[in-house]
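Below: one structure, written as structure tokens.
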Amino acid sequence: MRNEIKVDINHLQYIRCPTCKKKIFVSVFEIKYLPAIISPNNKSGLIKIPTNVCHYCGAVSTDEILIKYNQNNGDKKQSLPDEK
Ligand SMILES: [Zn+2]
Numbered sequence: 329m330r331n332e333i334k335v336d337i338n339h340l341q342y343i344r345c346p347t348c349k350k351k352i353f354v355s356v357f358e359i360k361y362l363p364a365i366i367s368p369n370n371k372s373g374l375i376k377i378p379t380n381v382c383h384y385c386g387a388v389s390t391d392e393i394l395i396k397y398n399q400n401n402g403d404k405k406q407s408l409p410d411e412k
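Quick note on our numbering: the sequence shown kicks off at 329 and runs consecutively.
Structure, rendered in structure tokens:
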């Protein structure tokens, strides 16, 4: 049986854009080209790397950047706990 942690999403902090402080993002990809010569199956391909674009100002931020920024700058009462 799995351990399930129940989280009330209403109590979670919104993540905000480091540039404009707004909170709507679009999920996009960066794409890297994988040449056949170094590909495990000897075929060339594309590797998609998920990232986030601010809907308002267009700033691109990885999940890591958003977590770090919001840990340091979030509302004190609801800021994200430090990850050790
Ligand atoms: Zn923004």
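Every residue gets a Cβ at the ideal spot worked out from N, C-alpha and C, and that includes glycine.
Inter-residue Cα distance where the pair is residue i and residue j
i	j	result
residue 325	residue 357	Any property of residue 325 remains undetermined from this structure, which presents the chain solely from 329 to 412.
residue 337	residue 365	46 Å
residue 395	residue 349	13 Å
residue 341	residue 377	25 Å
residue 351	residue 359	24 Å
residue 391	residue 345	11 Å
residue 335	residue 367	41 Å
residue 401	residue 347	12 Å
Residue i in three-state terms, based on DSSP
i	result
residue 332	coil
residue 369	coil
Counted within 10 angstroms of its Cβ, other Cβ atoms place residue i as buried (16 or more) or exposed
i	result
residue 282	Because the chain is modelled from 329 through 412, residue 282 falls outside the range shown and cannot be assessed.
residue 385	exposed
Residues near residue i in its chain [Cβ-Cβ closer than 7 Å; skip 5 each side]
i	result
residue 353	380, 381, 382, 383
Neighbourhood of residue i by C-beta, 8 Å cutoff - its chain only, sequence neighbours within 5 removed
i	result
residue 362	372, 373, 374, 375
residue 343	351, 353, 394, 395, 398
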